[in-house]
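For reference, the structure is listed below as structure tokens.
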Amino acid sequence: MPVELPALFYAIPRNPAIAVGLPLAFGMASGFITKNSVNTWYPTLKKPAVSHLVINTSELDECVTDELDLRNQGEPPRWAFPAAWTFLYCSMGLASHLIIKNFDGALPGSAPNVTADIALKLYWGQFGLNMLWTPLFFGLHKLGLALADISLLTPTTYALTYQAYKVDPRTAFALVPYCAWLSYATYLNGESFS
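Counting in this note's numbering, the sequence shown runs from 1 upward without gaps.
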């Protein structure tokens, strides 16, 4: 039995302002609610080690090796998170608008219509998973549940990107940066949990 979305989930992305504004508003609300935790609890977490850099310096026949520990250098500056998420929330909303335009423009039951419908269902799936992650990670400090959530969110978003690209290739410009950021966020979450 195919999954049917409520009519509202088709109506929301039809208006570009609502399509972009909804994920942005939810993201901002989630960030506002968890702001204290971001400033107090998050800095105490174990941060990922990007790598160890080995520098070899040779003078005549001597070789000196220095190992520099770059721990905590795998994390972007704090300002990057709200800036990146603002862009990503707006981008995902734009992608949903492009998807619904193609859904509406295709004959019901046609391959383009069905592909757009699949993409829209994936959009709402990733949207729900995305909205759960911040409260799990920052609000409840449930790193394992947050890791499980983002481990579903990331491949769902990759599947969305693939389906949405088939619907309208312009969606790739909106969704590929989101996929990259989620991959990195999954790494950060995984390292924090381990």
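Positions of the beta carbon are idealized from the N, C-alpha and C atoms, including for glycine.
- Straight-line measurement puts the Cα of valine 176 at about 23 angstroms from the Cα of proline 48.
- Within a 10 Å sphere around the beta-carbon of serine 194 sit fewer than 16 other beta-carbons, which makes this residue exposed.
- A direct Cα-Cα distance of roughly 30 angstroms separates proline 6 from alanine 84.
- Cα atoms of alanine 11 and tryptophan 124: separation of roughly 12 angstroms, rounded to the nearest angstrom.
- From the listed residues Pro169, Ala95, Pro13, Leu147, the smallest Cα separation to tyrosine 178 is found for Ala95.
- Shown here for tyrosine 89: same chain residues with a beta carbon closer than 7 angstroms to its own, the five before and five after excluded, namely Pro23, Leu24, Gly27 in chain order.
- For threonine 34, the secondary structure class from DSSP, reduced to helix, strand or coil, is coil.
- With a contact defined as Cβ atoms closer than 8 angstroms, phenylalanine 103 and alanine 116 qualify at about 4 angstroms.
- Distance between leucine 132 and leucine 107, taken at the CA atoms: about 34 angstroms.
- Non-local beta-carbon contacts of asparagine 113 in its own chain, meaning distances under 7 angstroms to residues more than five positions away in sequence, involve Phe103, Ala106, Leu107 in chain order.
- Taking 8 angstroms as the upper bound for CB-CB distance, isoleucine 99 and threonine 171 are in contact here, some 7 angstroms apart.
- Short of 6 angstroms from the beta carbon of glutamate 191, and not among the five residues preceding or following it, lie these beta carbons of its own chain, in chain order: Pro48.
- Within the same chain, and ignoring the five residues on either side of arginine 14 in sequence, the residues whose Cβ sits closer than 7 angstroms to its Cβ are Ile100.
- Between the alpha carbons of tryptophan 79 and serine 91 lies a distance of about 19 angstroms.
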